[in-house]
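Here the structure comes first, spelled out in structure tokens, and everything after it is commentary.
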Amino acid sequence: MALELLLAVGAEDSDRIEAFAETATTVIGDRTARVTLGHVLTEGEYERAVDTIAEHVDRSGRSGVTGRPETGSLHVSVGGESVTASEFEREQSALSPGDAAARIIGQKTLVRDLTAALEDRGIDTEIRGAIGDPADAIVEMIEEVSPDFVVIGGRDRSPAQQAVFGSVSQQILRSVDCPVISVRSNDD
């Protein structure tokens, strides 16, 4: 049976991509593994991401929007598939919230970079997305995936900072039964 590993990443984890990839490699070792990369967007982040896709061209060619002056329409390319902006919005609304979020999340630089770092190590990933409260959505994702291990980002914070800002990592640690590995960085 394959090892199940869930990497739960947030927007503040962009400086820990290599640490996440190295941790995944260490946990997997020489075993067969199924790795899920989970990311949660708040409602506002999701709406801004959809708006951004509809307004800008991603020059990397991976996704983006280009204007067609001859037709007056916008064309969105997501995953190499070209659709009009209205088709994109219609398709997004037809998807489940998790699938819609995963489609947007797959376009985020953090997720693309971490996926590439894992692929460089021979690790294939599945991207899962959610829209809502990050801690609640990650806990729900953990319940759905039933991983053997979870890897999360975390920062060293003082008790006062934790009281003011809260801690998604702490909420996850307190809510799940599987082992959780924290990839830490220090707040300056």
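Under the numbering used here, read the sequence shown as residues -7 to 180, first letter to last. Even glycine gets a Cβ: it sits at the ideal position worked out from N, Cα and C.
Next on the checklist: Closest to Lys100 by C-alpha separation, out of Val131, Leu29, Arg166 and Ser159, would be which residue?
Outcome noted: For the purposes of this step, residue 100 is identified with residue 108 of the sequence shown, where counting begins at 1. Measuring C-alpha to C-alpha distances from Lys100 to each of Val131, Leu29, Arg166 and Ser159 identifies Leu29 as the nearest.
Checklist entry - When burial is assigned at 16 or more other CB atoms within 10 Å of the CB, is Gly36 buried or exposed? => result What you label residue 36 is simply residue 44 of the sequence shown in a count that begins at 1. By the 10 Å Cβ count, Gly36 comes out exposed.
Item to check | Neighbour-count burial assignment, Arg166, 16 or more Cβ in a 10 Å radius | outcome: In the sequence shown, the residue the question calls residue 166 occupies position 174. Result: exposed.
Checklist entry - For Thr15, which residues from the same chain have a beta carbon less than 7 Å from its beta carbon, with the 5 sequence-adjacent residues on both sides left out? => result As a first step, residue 15 is located in the sequence shown; it is residue number 23 there, counting from the start. Same-chain partners within the cutoff: Val143, Ile173 and Val175.
Checklist entry - Do Leu(-1) and Ala25 have their CB atoms nearer than 8 Å? => result Residue mapping note: residue -1 aligns to position 7 of the sequence shown, counting from 1. Residue mapping note: residue 25 aligns to position 33 of the sequence shown, counting from 1. No, the Cβ-Cβ distance between Leu(-1) and Ala25 is not below 8 Å.
Checklist entry - Can you tell which of Ser159, Glu135 and Gly145 has its C-alpha closest to the C-alpha of Asp169? => result On the sequence shown, position 177 is the one that residue 169 refers to. Closest in C-alpha terms to Asp169, from the list Ser159, Glu135 and Gly145, comes Glu135.
Checklist entry - Does the distance from the CB of Ser6 to the CB of Leu102 come in under 8 Å? => result Along the sequence shown, read from residue 1 onward, the residue named residue 6 stands at position 14. Along the sequence shown, read from residue 1 onward, the residue named residue 102 stands at position 110. Cβ distance < 8 Å, so Ser6 and Leu102 count as in contact.
Checklist entry - What is the DSSP secondary structure of Gly36, reduced to helix, strand or coil? => result Position 44 of the sequence shown, counted from the start, is the residue given in the question as residue 36. Here Gly36 sits in helix by DSSP.
Checklist entry - Near Ala129, which residues of its chain fall below 6 Å by C-beta distance, leaving aside the five closest residues on each side in sequence? => result Taking the sequence shown and counting its residues from 1, one reaches residue 129 at position 137. Excluding sequence neighbours, Ala129 sits near Val32 and Ala122.
Checklist entry - Looking only at C-alpha atoms, which of Asp112, Thr107 and Gly114 sits nearest to Arg120? => result For this step, residue 120 is matched to residue 128 along the sequence shown. Looking only at Asp112, Thr107 and Gly114, the smallest Cα-Cα distance to Arg120 is reached by Thr107.
Item to check | For Ile9, three-class secondary structure by DSSP | outcome: Here the question's residue 9 lines up with position 17 in the sequence shown. Reduced to three states, the DSSP call for Ile9 is helix.
Checklist entry - Is Arg104 helix, strand or coil when you go by DSSP? => result Numbered from its first residue, the sequence shown carries residue 104 at position 112. Reduced to three states, the DSSP call for Arg104 is helix.
Checklist entry - CB-CB under 7 Å to Pro126, same chain, minus the five flanking residues each way: which ones, in chain order? => result On the sequence shown, residue 126 is found 134 positions in, with the first residue counted as 1. Same-chain partners within the cutoff: Gly2, Val32 and Val160.
Next on the checklist: According to DSSP, Thr28 sits in a beta bridge with which residue or residues?
Outcome noted: For the purposes of this step, residue 28 is taken as residue 36 along the sequence shown, with counting starting at 1. When DSSP reads this structure, Thr28 sits in a beta bridge with Leu(-2) and Glu118.
Checklist entry - Hey, out of Glu132, Tyr38 and Asp116, whose CA is closest to Ile20's CA? => result Within the sequence shown, numbered from 1, the residue matching residue 20 stands at position 28. Of the listed residues, the one whose Cα sits closest to Ile20 is Asp116.
Checklist entry - In chain order, what residues of the same chain lie with their CB nearer than 8 Å to the CB of Pro185, ignoring the 5 residues before and after it? => result Nothing about residue 185 can be reported from this structure: the residues present for the chain run from -7 to 180 only.
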